[in-house]
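Under our numbering, the first residue of the sequence shown carries the number 267, and numbering increases by one thereafter. Written below as structure tokens is the structure these notes are about.
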Amino acid sequence: MARHISQVAPSRRTFLKAGGGLLAMTVMPSGQIVGRAWAQMPRSTKPETFATLVQMSRDIYPHDQIEDAYYAKAVGILDEAARASEAELALLEDGVAALDQAARDKAGVAYGEVPAEEERVALLKAIEGEPFFQKVRSNLVVGLYNQKELWPIFGYEGASADKGGYIDRGFDDIAWL
Numbered sequence: 267m268a269r270h271i272s273q274v275a276p277s278r279r280t281f282l283k284a285g286g287g288l289l290a291m292t293v294m295p296s297g298q299i300v301g302r303a304w305a306q307m308p309r310s311t312k313p314e315t316f317a318t319l320v321q322m323s324r325d326i327y328p329h330d331q332i333e334d335a336y337y338a339k340a341v342g343i344l345d346e347a348a349r350a351s352e353a354e355l356a357l358l359e360d361g362v363a364a365l366d367q368a369a370r371d372k373a374g375v376a377y378g379e380v381p382a383e384e385e386r387v388a389l390l391k392a393i394e395g396e397p398f399f400q401k402v403r404s405n406l407v408v409g410l411y412n413q414k415e416l417w418p419i420f421g422y423e424g425a426s427a428d429k430g431g432y433i434d435r436g437f438d439d440i441a442w443l
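Structure below.
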């Protein structure tokens, strides 16, 4: 009996490639966020507030080589704190509302929709002394820069105590000066 093309079984390689891709999409580690899937992350703030906080975070500590997902992970810490405290939630929601209003007054659109980074930064500079800004900025110092998967991007090798300390690991290597 002759085999038709529709009856030909896929090769092992084709099967493994398709299955591997499907497996990677369905069995992703819970801490990993891909693309703009972070938009589903907020548990206490409004999704638009969360998105504005991500953009604000990127504008405060801009790193073009880092995906928004890492900023979203840092903002997730603020969102989680807002679940436990109505005052924290109000600080975030009211702060973003005020920032959006300032952006509308100046650029005619909400903060996250302001196209020019320089304009967004100017809006942030105007509020940098306020508790809302300081809360977001101070959270980022730990929330963003303590993500181990980002350390290689910044050239940080991690703690050195378990490796004999910095003195024996190039502490005095200042070839970049």
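Virtual Cβ for every residue (Gly too), placed ideally from N, Cα, C.
Return the CA-CA distance between residue i and residue j, expressed in angstroms with no decimal places.
| i | j | result |
| --- | --- | --- |
| A353 | E359 | 10 Å |
| E423 | W417 | 7 Å |
| V320 | A425 | 28 Å |
| P308 | S404 | 19 Å |
| A392 | D428 | 44 Å |
| A348 | A340 | 13 Å |
| V387 | Q400 | 15 Å |
| K414 | G421 | 11 Å |
| L357 | A364 | 10 Å |
| P328 | L410 | 11 Å |
| E346 | E396 | 21 Å |
Any heavy atom of the ligand GTP closer than 7 Å to the Cβ of residue i?
| i | result |
| --- | --- |
| A317 | Absence of the ligand GTP from the depicted structure is noted, as is the absence of any ligand whatsoever, leaving it without description. |
Under 8 Å by Cβ, that's how I've got residue i and residue j pegged, so tell me the actual separation to the nearest angstrom.
| i | j | result |
| --- | --- | --- |
| E383 | D325 | 6 Å |
| I419 | I343 | Rounded, the Cβ-Cβ distance is 20 Å, inconsistent with contact. |
| S323 | L406 | 6 Å |
Where do the ends of the alpha helix (DSSP H) carrying residue i lie?
| i | result |
| --- | --- |
| P308 | No alpha helix (DSSP H) holds P308; DSSP gives it neither H nor E. |
| I419 | W417 to F420 |
| A427 | Careful: A427 lies outside any alpha helix (DSSP H) and carries neither H nor E. |
| I332 | Unbroken run through I332: none, as it is neither H nor E. |
| G395 | Looking at the DSSP string, G395 is not in any alpha helix (DSSP H), and its letter there is neither H nor E. |
The stretch 313-320 / the stretch 361-381 touching (three or more Cβ pairs under 8 Å): yes
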